[in-house]
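Student: There's a structure below that I have some questions on.
In our numbering, the protein residues as written are 27 to 204.
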């Protein structure tokens with residue numbers, strides 16, 4: 027009964043931090059977000075290669091990663107319903123609650139914007155254009171300030187809708203599923 031109640035609750039900050047503070051668990055979730063489901067051996071090989079800097083990684087490193095994933099990390103992720111791990115077939119898939127930590131997995135390459143930076147940029151640009159139009163700045167005063175504000179809002183809403191569609195949202199899922 028406690029397990030049933032627990033799975034209906036969102037993960038708390040301590041659980042999220044504990045999961046993501048370990049590089050192997052973090053890599054499992056990142057790799058599954060790119061290719062889902064995966065078999066344990068391919069996950070172990072990819073993680074071992076990343077850790078060792080060699081591809082393929084040395085056999086001992088691959089074996090060590092495989093064992094720790096099988097005995098420790100995947101059961102922990104499975105218990106939180108972040109992954110579904112079948113230890114018989116050795117397959118791993120994202121769990122029902124994986125979308126609760128998507129925002130923490132947002133890996134941004136150097137020189138690229140995160141979603142939050144992109145959204146902030148839209149808001150700032152829309153505000154500056156609206157204010158510039160309102161004070162009569164040449165070139166921008168040709169349109170009503172409300173047009174700039176509305177345009178920024180439409181772009182912001184469209185980009186958020188796209189992000190929710192691509193990555194999912196625990197809040198939106200609860201709202202639409204009752």
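Quick reminder that beta carbons are idealized off the backbone N, C-alpha and C, glycines included.
(1) Since residue 70 and residue 91 should fall inside the 8 angstroms C-beta cutoff, what is the C-beta to C-beta distance between them, to a whole number of angstroms?
(2) Could you check what DSSP says for residue 64 in three-state terms: helix, strand or coil?
(3) To the nearest angstrom, how far is the alpha carbon of residue 134 from that of residue 142?
(4) Measuring only the C-alpha atoms, how far is residue 188 from residue 86?
(5) Within its chain, find whatever has a CB closer than 6 angstroms to the CB of residue 27; leave out the 5 residues flanking it on each side and keep chain order.
(6) Going by beta carbon distance, what residues of the same chain come within less than 8 angstroms of residue 116, once the five residues before and after it are set aside?
(7) What are the complete beta strand (DSSP E) segments, minimum 3 residues, inside the segment 139-203?
(8) Could you check where the beta strand (DSSP E) with residue 103 kicks off and where it finishes?
(9) Who are the near neighbours of residue 81 in its chain, counting only those whose CB is closer than 8 angstroms to its CB and skipping five residues on each side?
(10) Hey, how far is the Cα of residue 36 from the Cα of residue 153?
(11) Residue 50 and residue 94 - do their beta-carbons sit closer together than 8 angstroms?
(12) Which class does residue 134 belong to by DSSP, given the choice of helix, strand or coil?
(13) Give the secondary structure of residue 119 by DSSP, where H, G and I count as helix, E and B as strand, and everything else as coil.
(14) Give me the residue from 182, 103, 57, 122 with the minimum Cα distance to residue 43.
(15) If distances are taken between C-alpha atoms only, which option among 123, 177, 165, 122 comes closest to residue 149?
(16) Does the distance from the CB of residue 120 to the CB of residue 57 come in under 8 angstroms?
Tutor: Taking the definition as stated:
(1) 5 angstroms
(2) strand
(3) Legend: pLDDT at residue 134 = 48, less than 50; position of this residue unreliable, no value from coordinates given.
(4) 43 angstroms
(5) Because residue 27 sits at a pLDDT of 33, beneath the cut-off of 50, its placement in the model cannot be relied upon, and the following sentence gives the value as read from the coordinates. Cβ neighbours of residue 27 beyond the five flanking positions: none.
(6) 65, 66, 67, 96
(7) none
(8) Per DSSP, residue 103 belongs to no beta strand (DSSP E); it is in the alpha helix (DSSP H), 100-105.
(9) 75
(10) 35 angstroms
(11) yes
(12) With a pLDDT of 48 at residue 134, under the threshold of 50, the modelled position of this residue cannot be trusted, and the question is left open.
(13) strand
(14) 103
(15) 177
(16) no
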